[in-house]
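Student: This is the structure I have questions about; it appears just below.
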Amino acid sequence: MPFAYIDPGSGSMLLQVILAGALAVPFFLRRTITDTWHRIRGGHDARPSDSSEETDSPT
Amino acid sequence: MRDRRIAARRPIPRPEGPDTEPASFRDPAGFVFRREGVIHRQVQAAGAADWQAFLASGLYERLVADQLIVDHEEVSLELAARPDAAAVIRPRPIGFISYPYEWCFSQLKEAALLTLEVQSRALDAGMRLKDASAYNVQFDGGAPILIDSLSFEPAEPTEPWTAYRQFCEHFLAPLALIAHRDARCGLMLRDFIDGVPLDLAVRLLPGRTWLNLGLASHLHLHAGAQARAARTAPSEGSQARPARRVSATGQRAVLDSLRRTVAGLRWSPTGHWAGYATTTSYSEAATASKAEIVGEMLAAIGGSSVWDLGANTGVYSQLAADRGYRVIAWDQDAGSVEAHWRAGRGGANVEILPLVLDLSNPSPSLGWGLEERPSFLERGTPDVILALALVHHLAIGNNVPLARVAELFARMAPRAIVEFVPKEDPMTGHLLSARRDIFTDYTIEGFRAAFGTAFSIERETRVADSTRTLFQLERRDS
């Protein structure tokens with residue numbers, strides 16, 4: 600890994616590895632379900648939720 | 273004493289050259305400088321490979337197309353600040369540079385979501401953001417935009433994100449503190465210029481935030497992991513450790529978790545000020561008269577930029593914007609700024625930028641050598657300031673003599689529209705109701721005398737059906 604110019608923090612990096620392991624399976628399943636759901640409904644964009652932002656509606 | 277003052281004011285020589293931006297020293301890949309007042313960015317040899325990779329990846333075009341990053345033009349190397357440039361770019365200028373401690377909750381949240389979106393797009397292109405600083409985001413045309421074109425580097429999808437920690441400290445911790453504790457926690461970013469330390473954030477957050485999976489992971493467990501790493505002896509550390517890897521899916525999962533955590537944070541203003549505009553003592557006739565007079569004064573003054581001080585939820589900012597002004601709408605109350613920002617979020621007027629500022633203790637110069645983040649006075653000079661229903665709060669609410677108020681206004685702008693609210697007005701009366709009236713000079717004559725030193729009074733008009741008076745002022749030297 601190239602050295603980052605900011606300090607990534609060894610604890611932060613370790614936690615990220617742990618979280619990546621723990622979150623990967625539920626994330627993968629959810630994405631698969633979402634993809635399948637959109638395909639069943641005939642949507643062309645298989646993964647619209649992946650990068651779309653949820654925004655607050657004004658109160 | 274005098275010698276010391278001179279020494280303190282001597283400009284600090286910078287290795288990159290005289291016109292480099294003082295905030296631009298952390299990243300060896302390049303730096304920002306001004307040439308004839310125009311912002312340029314120089315790519316250094318150390319950043320040349322990353323820069324070429326970024327351009328070759330097509331990521332820049334995609335980010336520009338969706339207005340996620342500021343666009344730039346590449347200019348001749350002859351325009352470099354120093355001869356060792358690998359490239360020189362001229363980014364499209366941003367109207368006003370604001371800082372995270374001046375943003376309301378939704379602005380910080382939108383900046384956070386922008387950062388995650390950019391990181392997600394970067395991963396798609398085989399790149400990543402090498403930092404996740406809130407200072408890399410500015411508000412332009414009513415939306416957040418990344419301004420640091422040099423923030424990208426090539427990365428394998430299996431390398432953990434080196435900016436994860438910075439993202440949590442710059443964005444997630446303050447957002448969680450505002451959402452779950454108090455909106456004033458946003459001001460902590462003024463003390464902690466590199467983000468709120470996570471150990472402090474988790475001490476301040478209520479215990480119930482453990483029940484939020486995202487906050488539990490990215491803040492509580494994160495702070496614990498940092499503490500554990502700090503206890504580990506350095507000899508066991510970096511030297512022999514193999515590089516840590518994550519799965520590509522795991523990488524996406526962490527990013528998605530951060531996005532969901534940020535998106536799930538909510539805060540709604542409940543303060544006194546957010547409802548102020550609807551609870552004032554004005555009659556309809558007075559409101560109409562005031563708007564008419566302010567409109568006439570703006571028309572007489574001209575210019576293109578307005579700072580609306582004590583803007584509240586922006587009634588008069590809108591009035592100025594409707595007349596073609598670019599407006600910075602300052603208010604000390606985060607709730608008002610939040611309400612103002614949300615009202616404009618529908619695209620009503622992108623020429624207004626609402627920001628949080630307490631005029632009695634405004635954003636100071638911060639950071640290394642006190643030059644990294646300039647004070648609010650050093651970041652621009654508007655053509656005109658609006659100070660409507662403000663001066664009584666400064667003079668009576670904060671005990672600032674009227675002459676001092678005039679002095680500050682004169683430092684800020686060459687022209688001003690200022691409202692005088694006398695003691696007979698119910699709002700001023702309310703400020704005085706629980707205290708001794710020590711403000712013998714707080715009269716309209718006192719106002720004329722105080723403001724008449726720095727300004728000439730161009731016009732003075734009483735607002736119909738009220739006790740208030742509007743003054744159109746022009747600084748004496750201009």
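Sequence lines, in order, name chains A and W. My numbering puts the last residue of the first sequence at 658; the count rises by one with no breaks. My numbering puts the last residue of the second sequence at 750; the count rises by one with no breaks. Backbone N, C-alpha and C fix where the C-beta goes; we use that ideal spot for every residue, glycine too.
(1) For I632 of chain A and chain W, any beta-carbon pair shorter than 9 Å?
(2) If you follow the beta strand (DSSP E) that T533 of chain W is in, where does it begin and where does it stop?
(3) Mind checking whether E623 of chain W and V587 of chain W have CB atoms under 9 Å apart?
(4) What ranges does the alpha helix (DSSP H) occupy inside the region 433-480 of chain W, keeping only unbroken runs of at least 4 residues that lie completely in it?
(5) Would you mind telling me which residues of chain A sit closer than 7 Å to H494 of chain W, beta carbon to beta carbon, in chain order?
(6) If you run the structure through DSSP and keep just helix, strand and coil, what is T633 of chain A?
(7) When the Cα atoms are used, what is the spatial distance from H494 of chain W to P469 of chain W?
(8) Which whole-angstrom value is the C-beta distance of R531 of chain W and G567 of chain W, which I expect to be below 8 Å?
(9) Can you find the residues in the same chain that come closer than 7 Å, C-beta to C-beta, to W539 of chain W, ignoring five residues on each side of it along the sequence?
(10) For a contact defined as C-beta to C-beta under 9 Å, what are the partners of I639 of chain A on chain W?
(11) From the DSSP output, in three-state form, read off P698 of chain W for me.
(12) Within a Cβ cutoff of 7 Å, which residues of the same chain sit near G652 of chain W, ignoring the five residues on either side of it in sequence?
(13) Give the DSSP-derived three-state secondary structure of R500 of chain W in the structure shown.
(14) Mind pulling the chain W residues with CB within less than 7 Å of L622 of chain A?
(15) Are the region 430-450 of chain W and the region 460-476 of chain W touching, with three or more C-beta to C-beta distances below 8 Å?
(16) Check the C-beta distance from A384 of chain W over to V315 of chain W and give it rounded, since I have them as a contact under 8 Å.
(17) DSSP puts T739 of chain W in a beta bridge; with which residues?
(18) If contacts are defined as beta-carbon pairs under 8 Å, then A301 of chain W and G319 of chain W qualify, I think. What distance do you get, rounded to the angstrom?
(19) Is L666 of chain W buried or exposed, if buried means 16 or more other CB atoms sit within 10 Å of its CB?
(20) Can you check whether the C-beta of V518 of chain W is within less than 9 Å of a C-beta belonging to chain A?
(21) Apart from the five residues just before and just after K381 of chain W, which ones in its own chain have a Cβ nearer than 7 Å to its Cβ?
(22) Let me see if you follow: with CB-CB separation under 9 Å, is K402 of chain W close to chain A or not?
(23) For L628 of chain A, return the contacting residues in chain W, with the cut-off set at a CB-CB distance below 9 Å.
(24) How would you label G641 of chain A, buried or exposed, when you count the other beta carbons within 10 angstroms and need 16 or more for buried?
(25) Quick check: the Cα distance between L629 of chain W and A583 of chain W, rounded to an integer number of angstroms?
(26) Using a C-beta to C-beta distance shorter than 7 Å, which residues of chain A count as neighbours of W433 of chain W?
(27) Using 8 Å for Cβ pairs, my map puts T521 of chain W next to F627 of chain A. What's the rounded Cβ distance?
(28) Does the beta-carbon of P365 of chain W have 16 or more other beta-carbons within 10 angstroms, so that it is buried, or is it exposed?
(29) Inspect the beta-carbon positions of M684 of chain W and V693 of chain W and report whether they are closer than 9 Å.
(30) Which ranges does the alpha helix (DSSP H) cover as unbroken runs of at least 4 residues, wholly within the region 675-719 of chain W, from first to last along the chain?
(31) Where does G509 of chain W fall in DSSP's three states?
(32) Extract the residue ranges of the alpha helix (DSSP H) inside the region 539-621 of chain W, only unbroken runs of 4 or more that lie entirely within it.
(33) Please list the segments of the beta strand (DSSP E) lying wholly inside the region 336-418 of chain W, counting only runs of 3 or more residues, in order along the chain.
(34) Using C-beta distances below 8 Å, list every residue in its chain close to A615 of chain W, excluding the 5 sequence neighbours before and after it, in chain order.
(35) From what residue to what residue does the beta strand (DSSP E) around L627 of chain W run?
(36) Return the first residue and the last residue of the alpha helix (DSSP H) that G641 of chain A is part of.
Tutor: The short version:
(1) no
(2) Segment 520-536 is the alpha helix (DSSP H) holding T533 of chain W; no beta strand (DSSP E) there.
(3) no
(4) Along the length of the region 433-480 of chain W, whole alpha helix (DSSP H) runs at least 4 residues long occupy 436-439, 445-452, 460-463, 470-476, reported in chain order.
(5) S611, L614
(6) helix
(7) 11 Å
(8) Their Cβ separation, rounded to whole angstroms, is 43 Å, which puts R531 of chain W and G567 of chain W out of contact at 8 Å.
(9) F377, I450, A451, A455
(10) Correct list: empty, because the minimum Cβ distance to chain W is about 22 Å.
(11) helix
(12) F368
(13) helix
(14) G522, A525, V526, S529
(15) Contact holds: three or more Cβ-Cβ distances are below 8 Å.
(16) Not confirmed; about 27 Å, so no contact.
(17) Answer is none; T739 of chain W lacks a bridge partner.
(18) 3 Å
(19) Buried is the call here.
(20) yes
(21) L447, V534, L537
(22) yes
(23) Near L628 of chain A there are no residues of chain W at all, since even the closest Cβ is about 10 Å away, more than 9 Å.
(24) exposed
(25) 10 Å
(26) Here the neighbours are Q615.
(27) 5 Å
(28) exposed
(29) no
(30) 698-704
(31) Residue confidence is low: G509 of chain W scores 49 on pLDDT, short of 50, so the model does not pin down where it sits. No coordinate-derived value is stated.
(32) Those alpha helix (DSSP H) runs which fall completely within the region 539-621 of chain W and span 4+ residues are 548-551, 556-573, 587-594, 606-616.
(33) 344-347, 357-363, 399-401, 409-412, 415-418
(34) T585, G586
(35) 624-628
(36) Neither: G641 of chain A is in no alpha helix (DSSP H) and is coded neither H nor E.
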